[in-house]
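Q: Okay, here's the structure, questions in a sec.
Number of protein chains: 2
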Amino acid sequence: MSVDKTIFKSVKRQRAFEEISLKIKELIFEGVLKSGDKLPSEGDLAKQFNVSRQTVREALRILELSGLIVVKKGFGGGTVIKNNISGRIVSLLSDAFRMEKVSVDEFTAARLTIERAIFNEAVDNADDRDIENLRENIDRAKNLIAKNEMATDLNFEFHSLLADASKNKVFVILERAINAIHHDIRSRRTADIKTSETAVRAHEKILGALIRKEREKAISMLEQHILTVRKSY
Amino acid sequence: MSVDKTIFKSVKRQRAFEEISLKIKELIFEGVLKSGDKLPSEGDLAKQFNVSRQTVREALRILELSGLIVVKKGFGGGTVIKNNISGRIVSLLSDAFRMEKVSVDEFTAARLTIERAIFNEAVDNADDRDIENLRENIDRAKNLIAKNEMATDLNFEFHSLLADASKNKVFVILERAINAIHHDIRSRRTADIKTSETAVRAHEKILGALIRKEREKAISMLEQHILTVRKSY
DNA sequence: TCACATTTGTCCGTATGTATC
DNA sequence: AGATACATACGGACAAATGTG
């Protein structure tokens with residue numbers, strides 16, 4: 000019997016900066032380096048890894064583009080561990096959509112699927128705290144609109160809170176990506192306050208259905224809501 | 000009425016290498032630089048942009064991590080435009096799942112959702128060529144198994160081909176990510192040929208249902224198939 | 001097999017910019 | 001305002017890889 004081919008993958012000799020970025024990455028994944036921790040300065044890292052500063056810098060670029068660190072210059076600056084992977088995913092998805100010319104319809108179809116699933120899981124797994132967060136989101140949005148202000152960010156947040164309530168981290172990640180891309184699409188057209196208001200009303204109904212665990216009814220409302228938003232583009 | 004906050008985003012002064020990477024990126028998106036085109040050497044780029052080679056190199060690292068170029072060393076080497084964005088997305092999703100410690104059950108739940116949606120879309124949109132590719136995949140897998148060899152890669156490919164048939168590029172990207180992560184999970188346990196065989200038989204039935212457009216029946220088989228695989232972990 | 005040219009990979013030293021104290 | 005500790009950027013050099021003649 001032949002051996003699984005995949006064990007031979009990637010024998011390509013690594014470049015020094017790749018090796019270094021991988022080493023630091025492992026330390027982050029293992030929890031040795033936690034969010035907020037500061038890495039040594041470029042010079043120190045160069046000494047420790049016994050390479051030049053240029054090599055260290057390229058390794059840091061990789062970690063930056065992987066959404067694992069942020070770099071600040073000036074006094075007290077330096078590289079700090081900070082998880083921004085989902086931000087990077089969003090950025091790449093945007094690129095992919097531009098390159099592969101993904102249409103808004105394709106995006107909407109995928110969004111419908113995922114939001115449906117999220118709602119279904121949320122019905123089963125939402126706890127009191129989730130319900131409270133969702134209700135608070137709606138209240139704050141309504142207050143803004145009463146003051147004749149847009150509630151865009153809160154309306155996006157509603158869907159993220161639903162994802163939280165699903166208790167599935169995959170959905171949380173995917174929803175974050177969807178939100179960011181949706182935000183990107185939306186920013187290209189002029190917004191009006193009426194849209195915000197319509198959205199909040201839909202959210203309120205969806206929350207009610209979630210509490211009463213009315214699956215079918217809520218999901219068809221959710222679909223309606225998403226398709227209404229899509230039409231406005 | 001208050002103005003949308005997002006119009007003020009990112010006034011952060013760009014670093015030179017960011018500016019350069021952005022400029023090249025735009026040329027790629029505009030189609031001025033096409034897949035297969037070779038960029039000038041690092042030295043030439045440094046002269047043209049009037050910066051040092053170090054700066055150019057960091058810009059190239061960004062483009063590399065963005066899945067837009069590949070770099071080859073030595074004579075006849077250099078930087079070539081090549082789209083590998085989805086590969087990068089997959090890699091980042093894997094990172095995100097590791098960071099957030101996504102469980103196999105969470106992953107399986109999300110996978111079920113997406114594969115169900117893919118199959119549904121595939122029923123509507125698959126053309127003759129898709130069917131042919133799926134059938135060929137199964138035939139080749141069966142041939143391997145007849146020779147007592149594993150058909151792991153082909154079995155993964157089957158699901159990718161289904162995603163292709165859905166004609167939704169978002170699903171194609173998501174399915175690739177699922178495959179990569181699944182592959183990662185699977186590699187941690189010993190594989191046996193019986194699993195390959197079971198999978199191919201399931202694939203064959205699913206293809207049959209796809210051709211006959213038997214939605215419900217096929218989807219429940221698909222679910223069964225995915226859950227069987229999950230149990231083996 | 002062996003030199004050779006080209007291009008990336010890596011190193012060192014130095015200078016400048018920048019945010020905080 | 002000035003001292004500081006960083007990142008950012010520059011220039012020149014050599015090492016390593018990789019096709020070609």
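Going down the list, the sequences are from chains V and P. Using numbering that gives the first Met the number 0, the final residue of the first sequence is 232, and nothing's skipped along the way. Using numbering that gives the first Met the number 0, the final residue of the second sequence is 232, and nothing's skipped along the way. Using N, Cα and C, we set each Cβ at its ideal position, and we do this for glycine too. All values reported here derive from a predicted model rather than from experimental measurement.
(1) Skipping 5 residues on each side, what residues in its chain have a beta carbon closer than 8 Å to that of D3/P?
(2) Nearest CA to the CA of I137/V: which residue from A201/V, V89/V and A58/V?
(3) Where V228/V and A150/P are concerned, what is the direct C-alpha to C-alpha distance, given to the nearest angstrom?
(4) Run down chain P in chain order and give the residues with a C-beta less than 7 Å from the C-beta of R187/V.
(5) Residues of chain P with CB under 9 Å from F28/V, in chain order?
(6) For the putative contact between T78/V and I225/V, defined by C-beta atoms under 8 Å, what is the C-beta separation to the nearest angstrom?
(7) Beta-carbon of V79/P versus every beta-carbon of chain V: anything under 9 Å?
(8) What does F157/P touch in chain V if you count any residue whose Cβ is under 7 Å from its own?
(9) V31/P lies in the alpha helix (DSSP H); which residues open and close that run?
(10) Who pairs with T78/V in a beta bridge, going by DSSP?
(11) Quick one: residues in its chain with C-beta nearer than 8 Å to the C-beta of N154/V, no 5 flanking neighbours on either side, listed in chain order?
(12) Could you pull the start and end residues of the alpha helix (DSSP H) that V55/V belongs to?
(13) Report the residues of the region 205-219 of chain V with a CB closer than 9 Å to any CB of chain P, ordered along the chain.
(14) Report buried or exposed for V31/V, applying the criterion of at least 16 other Cβ atoms within 10 angstroms of its Cβ.
(15) Distance cutoff 9 Å, beta carbons only. Does Q47/P sit that close to anything in chain V?
(16) Which residues in chain P sit within 7 Å of Q53/V, going by Cβ to Cβ distance?
(17) If you follow the alpha helix (DSSP H) that T197/V is in, where does it begin and where does it stop?
(18) Considering only their Cβ atoms, is the gap separating I23/P from L91/P smaller than 9 Å?
(19) With distances taken Cα to Cα, identify the nearest neighbour of R14/V among K37/V, F28/V and I61/V.
(20) From the DSSP secondary-structure annotation, give me the bridge partner or partners of K22/P.
(21) Tell me the start and end of each unbroken alpha helix (DSSP H) in the region 116-171 of chain V that is at least 4 residues and wholly inside, in chain order.
(22) Which residue marks the beginning of the alpha helix (DSSP H) containing S40/P, and which one marks its end?
(23) Out of curiosity, what's the CA-to-CA distance linking A208/V and V171/P?
(24) Can you find the residues in the same chain that come closer than 6 Å, C-beta to C-beta, to V55/P, ignoring five residues on each side of it along the sequence?
(25) For R188/V, name the three-state secondary structure that DSSP assigns.
(26) Roughly how many angstroms lie between the CA atoms of D163/P and D129/P, to the nearest whole one?
(27) In its own chain, which residues sit with a C-beta less than 7 Å from the C-beta of M220/V, not counting the 5 before and 5 after it?
(28) Taking Cβ-Cβ distances shorter than 7 Å, what residues in chain V pair up with A109/P?
(29) Give a yes or no on whether 9 Å exceeds the smallest Cβ distance from V101/P to chain V.
(30) Closest by CA to E174/P, which one among I218/P, A109/P and T189/P?
(31) Can you tell me whether DSSP reads E100/P as helix, strand or coil?
(32) DSSP on E222/V, reduced to helix/strand/coil?
(33) Please confirm whether R115/P and E222/P have their CB atoms less than 9 Å apart.
(34) If the cut is a Cβ gap below 8 Å, which residues of chain P does F106/V touch?
A: This is what the structure holds:
(1) Caution is warranted here: a pLDDT of 43 is assigned to D3/P, below 50, making its placement in the model unreliable, and no coordinate value can be reported.
(2) A201/V
(3) 44 Å
(4) Those within 7 Å of R187/V in chain P number zero; the least Cβ separation is about 11 Å.
(5) D94, R97 and M98
(6) That belief does not hold up - the Cβ atoms of T78/V and I225/V are roughly 40 Å apart, past 8 Å.
(7) no
(8) Chain V residues near F157/P: none, gap ~16 Å exceeds 7 Å.
(9) Looking at the DSSP string, V31/P is not in any alpha helix (DSSP H), and its letter there is neither H nor E.
(10) V70/V
(11) A140, S195, A198, V199 and H202
(12) R52 to L64
(13) none
(14) exposed
(15) no
(16) Q53
(17) I192 to I210
(18) no
(19) I61/V
(20) DSSP, once it has assigned bridges, lists no residue as partnering K22/P.
(21) 127-145 and 151-165
(22) From DSSP, S40/P is part of no alpha helix (DSSP H); its letter is neither H nor E.
(23) 32 Å
(24) E41, L44 and A45
(25) coil
(26) 8 Å
(27) A201, K204, I205 and A208
(28) N167, V169 and F170
(29) yes
(30) A109/P
(31) According to the sequence provided, residue 100/P is Lys. The question's Glu does not apply to it. If DSSP states are grouped into helix, strand and coil, K100/P belongs with coil.
(32) helix
(33) yes
(34) V169
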